[in-house]
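K.L.:
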Amino acid sequence: MTPPEAAAGQTTPTEQGPKPPVGEAVIDRAFRLLNSFDAEHRVQSLAGLARRTGIPRSSTLRLARKLIDAGALERLEDGDFVIGLGLLEVASLAPRGHGLRAVAMPYMEDLFHVTRHHVLLGVRDGDDALLVERLSAHDAAPVRFRVGGRMPLSATGVGLVLLAHAPAELQEKVLNDFAPQGEMNLMEWDSAPELRRTLAEVRRGGFAVQREPGGTLSTVAAPVRDGGGVVAALSVVMPSSELAPGNYVTAVRTSARAISRQLGSSTREV
Numbered sequence: 001m002t003p004p005e006a007a008a009g010q011t012t013p014t015e016q017g018p019k020p021p022v023g024e025a026v027i028d029r030a031f032r033l034l035n036s037f038d039a040e041h042r043v044q045s046l047a048g049l050a051r052r053t054g055i056p057r058s059s060t061l062r063l064a065r066k067l068i069d070a071g072a073l074e075r076l077e078d079g080d081f082v083i084g085l086g087l088l089e090v091a092s093l094a095p096r097g098h099g100l101r102a103v104a105m106p107y108m109e110d111l112f113h114v115t116r117h118h119v120l121l122g123v124r125d126g127d128d129a130l131l132v133e134r135l136s137a138h139d140a141a142p143v144r145f146r147v148g149g150r151m152p153l154s155a156t157g158v159g160l161v162l163l164a165h166a167p168a169e170l171q172e173k174v175l176n177d178f179a180p181q182g183e184m185n186l187m188e189w190d191s192a193p194e195l196r197r198t199l200a201e202v203r204r205g206g207f208a209v210q211r212e213p214g215g216t217l218s219t220v221a222a223p224v225r226d227g228g229g230v231v232a233a234l235s236v237v238m239p240s241s242e243l244a245p246g247n248y249v250t251a252v253r254t255s256a257r258a259i260s261r262q263l264g265s266s267t268r269e270v
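Going left to right, the sequence shown walks through residues 1 to 270 as the numbering used here numbers them.
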């Protein structure tokens, strides 16, 4: 019987990761390995891990075993690897994730009961919007944004609000690198100047309303603040045929304000 360590990988040569720097610290390699897991690679073989990280197979196996001992990875009966529950327990302590979610959840539930559409809560992580929580009805229109998933800041309503309140240097970077996101893009512009104008409108109005070009979904989003500024964005995603900005903007902004007050923001700021 072929041992799991010799099993063929699930990735292709074109998915091979960069070769690790000489002298790379063990902790850096550990994060390189953990970061190789994503929505398309939830389960990976040893060969797949080695290929995607660029770490030699023998080193990958040793590192994976240490991560298993720490609870960060788990190994299935067929020898493949998945993210371990120990890592989930640690991640749940992140204040921008669990703490924010705990404060926001009652208001998200109220918003969901009022709208009966997707309710999303996201934070900015670098150049991406990271989804912290999502409430959805079983018959709601499908959306791509999953909890723990990332999308470019310019590709979603949540991301648009976060980008509008991000540091100026990050906004300029995104604008300079801007390119339409194709089918992932829920926004209405196709150029950096249009995006710049939209960001200014979001800051002035305190919310974003966007329709998917030629698509079926629309988004209403508003900022969530603590005492120091915008820390998250709240949105409702609905079929475009049901978009009534007056109704949804009021509901989303009211919920975002309520969450903001619980996080320590003054009424004047929201």
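In this text, a Cβ means the ideal position worked out from N, Cα and C, and glycines have one as well.
Nearest to V132 by CA position, among A256, H165, A233, is which residue?
P.N.:
That would be A233, whose Cα lies nearest to the Cα of V132.
K.L.:
Tell me the rounded alpha-carbon separation between E201 and V158.
P.N.:
Distance between the alpha carbons of E201 and V158 is about 15 Å.
K.L.:
If you drop the 5 nearest sequence neighbours on each side, which residues of the same chain put their C-beta closer than 7 Å to that of S265?
P.N.:
Excluding positions up to five away in sequence, the list reads R225, D226, G227.
K.L.:
Along the beta strand (DSSP E) that carries F81, what are the first and last residues, could you check?
P.N.:
Segment 81-83, the beta strand (DSSP E) holding F81.
K.L.:
Rank L33, R257, P193, A141 by C-alpha distance to the C-alpha of F81 and give the top, closest one.
P.N.:
Cα-wise, what sits closest to F81 is L33.
K.L.:
Specify the secondary structure class of P167 as computed by DSSP and reduced to three states.
P.N.:
Looking at P167 - three-state DSSP - the assignment turns out to be coil, as it is neither helix nor strand.
K.L.:
Is there contact here, the region 106-125 with the region 59-69, by at least three beta-carbon pairs under 8 Å?
P.N.:
Not touching, per the Cβ criterion.
K.L.:
Just mark T120 as buried or exposed, buried being the case when its beta carbon has 16 or more other beta carbons within 10 Å.
P.N.:
The residue asked about is misnamed: residue 120 is Leu in this sequence, not Thr. Buried, by the Cβ-count rule.
K.L.:
With 16 other CB atoms within 10 Å as the buried threshold, where does L85 fall?
P.N.:
By the neighbour-count rule (16 or more Cβ atoms within 10 Å), L85 is not buried but exposed.
K.L.:
Could you name each continuous beta strand (DSSP E) segment of 3 residues or more that falls completely within the region 110-138, going from the start of the chain to the end?
P.N.:
Counting whole runs of 3 or more residues, the region 110-138 contains the beta strand (DSSP E) stretches 118-125, 128-135.
K.L.:
Would you give the residue range spanned by the alpha helix (DSSP H) that S59 belongs to?
P.N.:
Taken as a continuous stretch (DSSP letters only), the alpha helix (DSSP H) holding S59 covers 57-69.
K.L.:
Taking L263 as part of the beta strand (DSSP E), name the residues at either end of that continuous run.
P.N.:
From DSSP, L263 is part of no beta strand (DSSP E); its letter is neither H nor E.
K.L.:
Kindly list the residues whose CB is nearer than 7 Å to the CB of L49, restricted to its own chain and excluding five residues on each side of it in sequence; keep chain order.
P.N.:
Excluding sequence neighbours, L49 sits near L33, S36, T60, A64, F81.
K.L.:
Excluding the five sequence neighbours on either side, which residues of its own chain have a C-beta within less than 7 Å of the C-beta of R253, listed in chain order?
P.N.:
So the list reads G206, F207, A222, once near-sequence residues are dropped.
K.L.:
Across the region 162-174 and the region 139-147, are there enough close Cβ pairs to call them in contact, namely three or more that are closer than 8 Å?
P.N.:
Taking 8 Å as the limit for Cβ pairs, the verdict is that the region 139-147 does not touch the region 162-174.
K.L.:
Give me the Cα-Cα distance between H138 and V236, rounded to the nearest whole angstrom.
P.N.:
Their Cα atoms are separated by approximately 15 Å.
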